[in-house]
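Student:
In the numbering used here, the protein residues as written are 198 to 738.
The structure is reproduced here in structure tokens:
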């Protein structure tokens, strides 16, 4: 009987046997070899929580570090290092009493000062954190991130070693969810200052406080290892002694290693998914993630709204998810995932749907294309665009399809595709060295703002440099003046999303899912669409 399980963004499913509770203790695991062999499709960029922007780093950070809160096995935000939280009546002051038995992987105690140091460091523009905007909700946060005030003025303080106080600039209805993001993780100041810019660039330059400690990563190697953190406060509930991680960009190579028991979890190609979907090890992982094309507005062609809309209408996303992938991925309604956020019975992506930037219509594609080229004085001329993507097999297949779809639909267009390692692609995006890039964003927290904030004019993730003052104002209202009014806030966010889509700021392609194979001997593995995998309670039976 096949085992196919789907994971929705509103919930988390734990893969476990009926005897899961027994599997959560070291004394009950039947296998003496508690080693999990894991695979990822791209290189690891960093183990510095302030600098993480890629999904591989995200999964590794989640399993190596621990913050005030984390998503639990039911998709709810639960306290971890925050044993007690008190919120002031006006919602502007959070006081956290920290557990006193938490320690770093070097044996140092985890204190409130570690959080203060980490937050101020991440907010400081000198650090270069792309996620610093998540700290803008703190008092003086926006000005610190913008370089207008010194990081010492950021609204966070340590009353004593185990009392942390956060002062907010305005009420934030999702603040506890923000605390689950990597930029709010603590850092060992002694280690960061010792290693300087090298911190997080290799295992030997990383000190963490979670269930696992990283070893054997050189900073450029395609494999690395985690071992149980002997200083971890909850180590008695951690079953695994070691997790080995291997970069496998080819699904066929990964599956061969899976069949020979050298890997316990692998992601499948579309062809493999179709062939293996009745296998008892087959598991579909839905994600709170959106793939999209970011368009560099400094390119004369892409600065034209009609050209952007033409590109969007030229993509048949049903073919992309069904024929190119076939792994359970979904077609988009908006630039945010489906079934991700709702209010009063309304689902955000569907409530924001406009038809532009997300739907296929060949006639409209050619109409907008013709109009755009006329406006640019390029009617009848050959035009070129460069499409950038990662070098894993799945992205290669998607960029190849996009190249074919655009060239066959839009007259006189030549699309040149370049696939490269994700770390290099991200570097190209950051430097603005691209025309069109196939990229993706996974929700950092379960609120539409995690997507809307990407495309404000001041966002470090606005790689295409889209600039719309009306959009900025709506997103700002949703997070400040209307933050305490759920109805107004919802309308602000929906209207902002519609502006984004109607202008062709970015072109959503699909909501990805991963078709995977997981060995039946692996028990207690937790997964949530928002933050991915957690190995803490996994075991080998």
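Here a beta-carbon is modelled for each residue, glycine too, at the ideal position from N, C-alpha and C. As the structure is a prediction and not an experimental result, all values here were calculated from the model.
Does the count of Cβ pairs from the region 506-519 and the region 596-603 closer than 8 angstroms reach three?
Tutor: Contact holds: three or more Cβ-Cβ distances are below 8 angstroms.
Student: Using the Cα positions of residue 173 and residue 255, report the straight-line distance between them to the nearest angstrom.
Tutor: This structure does not reach residue 173, given that the chain is present from 198 up to 738, and the question cannot be answered.
Student: Identify every residue that forms a DSSP beta bridge with residue 486.
Tutor: For residue 486, which the question treats as bridged, DSSP gives the partners 639.
Student: Could one say the Cβ of residue 733 lies closer than 8 angstroms to chain B's Cβ atoms, at least one of them?
Tutor: Of the protein chains in the structure, only one exists, and it is not chain B.
Student: Let me know if residue 224 comes out buried or exposed under the rule of 16 or more other beta-carbons within 10 Å of its beta-carbon.
Tutor: For residue 224, the predicted model reports a pLDDT of 41, less than 50, meaning its position is unreliable and no value from the coordinates is stated.
Student: At the level of alpha carbons, what is the spacing between residue 727 and residue 462?
Tutor: One C-alpha to the other measures close to 19 angstroms.
Student: So, at 8 angstroms on beta carbons, what are the nonlocal neighbours of residue 337 in its own chain, with the 5 sequence-adjacent residues on each side left out?
Tutor: Result list for residue 337: 346, 350, 351, 352, 366, in chain order.
Student: Who are the Cβ neighbours of residue 419 in its own chain at under 6 angstroms, not counting the five residues just before and after it?
Tutor: For residue 419, where only same-chain residues beyond five positions count, the Cβ hits under 6 angstroms are 444.
Student: Identify, in the order they occur along the chain, each residue of the same chain with its Cβ nearer than 7 angstroms to the Cβ of residue 594, setting aside the five sequence neighbours on each side.
Tutor: Hits under 7 angstroms: 521.
Student: Helix, strand or coil: how does DSSP classify residue 550 here?
Tutor: It is coil, neither helix nor strand.
Student: In terms of residues, what are the limits of the alpha helix (DSSP H) holding residue 468?
Tutor: Here the alpha helix (DSSP H) through residue 468 covers 467-473.
Student: Taking the straight line between their C-alpha atoms, what separation do you get for residue 434 and residue 266?
Tutor: Those two C-alpha atoms are separated by around 18 angstroms.
Student: Under the assumption that residue 648 contacts residue 532 (Cβ atoms under 8 angstroms), give the Cβ distance between them as a whole number of angstroms.
Tutor: Their Cβ separation, rounded to whole angstroms, is 6 angstroms, which keeps residue 648 and residue 532 in contact under 8 angstroms.
Student: Since residue 714 is in the beta strand (DSSP E), which residue starts that stretch and which ends it?
Tutor: Residue 714 -> beta strand (DSSP E) spans 710-715.
Student: Quick test of your reading: residue 523 and residue 467, contact by CB under 8 angstroms. State the CB separation rounded to the nearest angstrom.
Tutor: So it is a contact: roughly 4 angstroms between Cβ atoms.
Student: Measuring straight from C-alpha to C-alpha, what distance separates residue 276 and residue 312?
Tutor: Their backbone Cα atoms lie some 15 angstroms apart in a straight line.
Student: Assuming residue 643 contacts residue 538 under a Cβ cut-off of 8 angstroms, what Cβ separation, rounded to an integer in Å, is found between them?
Tutor: That belief holds up - the Cβ atoms of residue 643 and residue 538 are roughly 7 angstroms apart, short of 8 angstroms.
Student: Helix, strand or coil for residue 514 per DSSP?
Tutor: Here residue 514 sits in helix by DSSP.
Student: Applying the 10 Å Cβ sphere with the 16-neighbour rule, what's the burial state of residue 734?
Tutor: Residue 734 should be labelled buried.
Student: So does the region 378-391 actually touch the region 654-668, counting three or more Cβ pairs closer than 8 angstroms?
Tutor: These segments do not touch.
Student: According to DSSP, is residue 397 helix, strand or coil?
Tutor: Residue 397 falls in the coil class under three-state DSSP.
Student: Using CA atoms only, rank isn't needed, just tell me which of 438, 362, 540, 499 is closest to residue 685.
Tutor: Measuring from the Cα of residue 685, the nearest candidate turns out to be 540.
Student: Based on the DSSP secondary-structure assignment, which residues constitute the bridge partners of residue 258?
Tutor: Looking at the DSSP assignment, residue 258 forms no beta bridge with any residue, so it has no partner.
Student: Using CA coordinates, which residue listed in 500, 446, 242 is at the minimum distance from residue 773?
Tutor: In this structure the chain extends from 198 to 738, so residue 773 is not present and cannot be described.
Student: Is the distance from the Cβ of residue 707 to the Cβ of residue 668 below 8 angstroms?
Tutor: No, the Cβ-Cβ distance between residue 707 and residue 668 is not below 8 angstroms.
Student: Alpha carbon to alpha carbon, how far is residue 543 from residue 674? Give it in angstroms, no decimals.
Tutor: Whole-angstrom Cα-Cα distance: 20 angstroms.
Student: Using the beta-carbon count (16 or more within 10 Å), is residue 323 buried or exposed?
Tutor: It counts as exposed.
Student: Going along the chain, which unbroken runs of the beta strand (DSSP E) with 3 or more residues stay wholly within the region 310-367?
Tutor: 353-357, 360-364, all fully within the region 310-367.
Student: Give the secondary structure of residue 280 by DSSP, where H, G and I count as helix, E and B as strand, and everything else as coil.
Tutor: If DSSP states are grouped into helix, strand and coil, residue 280 belongs with the strands.
Student: What do you reckon, are the CB atoms on residue 506 and residue 557 nearer than 8 angstroms?
Tutor: No, Cβ-Cβ distance for residue 506 and residue 557 is not below 8 angstroms.
Student: Under the rule that 16 or more other beta-carbon atoms within 10 Å means buried, what is residue 259, buried or exposed?
Tutor: So residue 259 counts as buried.
Student: Within the continuous alpha helix (DSSP H) that includes residue 389, where are the two ends?
Tutor: Element bounds for residue 389: 386-392.
Student: Once DSSP output is grouped into helix, strand and coil, what is the label at residue 705?
Tutor: If DSSP states are grouped into helix, strand and coil, residue 705 belongs with the strands.
Student: Among residues of its own chain, excluding the 5 on either side of residue 676, which ones have a beta-carbon nearer than 7 angstroms to its beta-carbon?
Tutor: Around residue 676: 646.
Student: When you compare only the Cα positions, how much space is there between residue 291 and residue 581?
Tutor: Computed Cα separation, rounded: 53 angstroms.
Student: I'd like the list of long-range same chain contacts for residue 333, defined as Cβ closer than 6 angstroms, with 5 residues on each side in sequence excluded.
Tutor: Closer than 6 angstroms at Cβ, skipping near neighbours: 339, 342.
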